[in-house]
Amino acid sequence: MSQYILVGDVGGTNARLALCERATGVLSAIRSYPTADSPGLEPVIRQYLAEQGVTVAEACIAIACPVQGDQVVMTNHSWRFSIAAMQAGLGLARLEVINDFTAVSMAIPALAPEDRCQIGGGEIRPGHPVAVYGAGTGLGVAHLVPCGDTWLSLPGEGGHVDLAPGNAEEEELLRVLRRRWAHVSAERLLSGSGLVNLYQALAGLAGRGAGVL
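Each residue of the sequence shown is one higher than the one before, starting from 42 at the first, in my numbering.
Okay, structure coming up:
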């Protein structure tokens with residue numbers, strides 16, 4: 042059996058792949074591939090393995106979309122595939138495909154104090170539920186709840202909930218955004234493209250004509 046397991050983090054902009062040492066969990070040969078440059082994930086994985094000159098029997102891919110059953114359809118990209126077909130095509134004995142924020146959330150308990158940065162007031166409450174958010178191509182959301190001596194990850198598509206204005210200015214902002222989208226989600230503002238949307242809407246409201254929605 043190969044000493045490595047292939048691991049990956051696939052988002053709407055980049056697919057990041059690495060080799061995980063089976064015995065130690067140490068990552069190596071971390072590479073990033075723009076998703077726009079390939080018609081699908083399987084060709085990217087084939088290219089990566091060829092570049093590294095290794096074969097693997099097992100892989101785990103974390104991907105930015107719901108994972109329900111065999112068919113995987115990305116939320117913010119055109120890639121779609123069958124898990125079973127990819128496993129067969131790559132000749133893998135085992136292929137696990139999970140939501141990207143399932144992977145992120147399960148890494149939280151492994152963080153050391155020096156890996157953390159305090160934001161805002163309050164103190165950490167050990168053993169209590171943890172909310173995990175991450176803005177990238179989209180807005181990822183997950184939660185961790187304690188379950189005995191371990192943690193249970195509750196992935197979700199919370200980035201697509203309705204944006205809820207909290208004051209008059211935010212109500213005006215929502216009105217501007219609705220000129221373009223009937224459904225304005227949190228992801229429309231809290232993401233890479235959302236920063237552009239936010240800037241354009243605010244500039245428009247201020248009469249600066251920044252190139253509009």
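Every residue gets a Cβ at the ideal spot worked out from N, C-alpha and C, and that includes glycine.
{"Check": "Boundaries (first-last residue) of the beta strand (DSSP E) holding V202", "Outcome": "Segment: none, V202 is in no beta strand (DSSP E) and carries neither H nor E."}
{"Check": "Proximity to L152 [Cα-Cα], best of G162, E62, P167 and D141", "Outcome": "P167"}
{"Check": "For Y45, the residue or residues it bridges with in DSSP", "Outcome": "E62"}
{"Check": "CA-to-CA distance, R87 to G94, given in whole angstroms", "Outcome": "10 Å"}
{"Check": "Cβ-based burial, I102 [other Cβ within 10 Å; buried from 16]", "Outcome": "buried"}
{"Check": "Contact with chain B by L218, beta-carbon distance below 9 Å", "Outcome": "Here there is only one protein chain, and chain B is not present."}
{"Check": "Local Cβ density within 10 Å of D78, reported as buried at 16 or more and exposed below that", "Outcome": "exposed"}
{"Check": "Extent of the continuous beta strand (DSSP E) run through P84", "Outcome": "That residue, P84, is in no beta strand (DSSP E); its alpha helix (DSSP H) goes L82 to Q93."}
{"Check": "8 Å contact criterion, which A70 and A59 should meet: CB distance rounded", "Outcome": "6 Å"}
{"Check": "CB-CB length for Y89 against R72, believed under 8 Å", "Outcome": "6 Å"}
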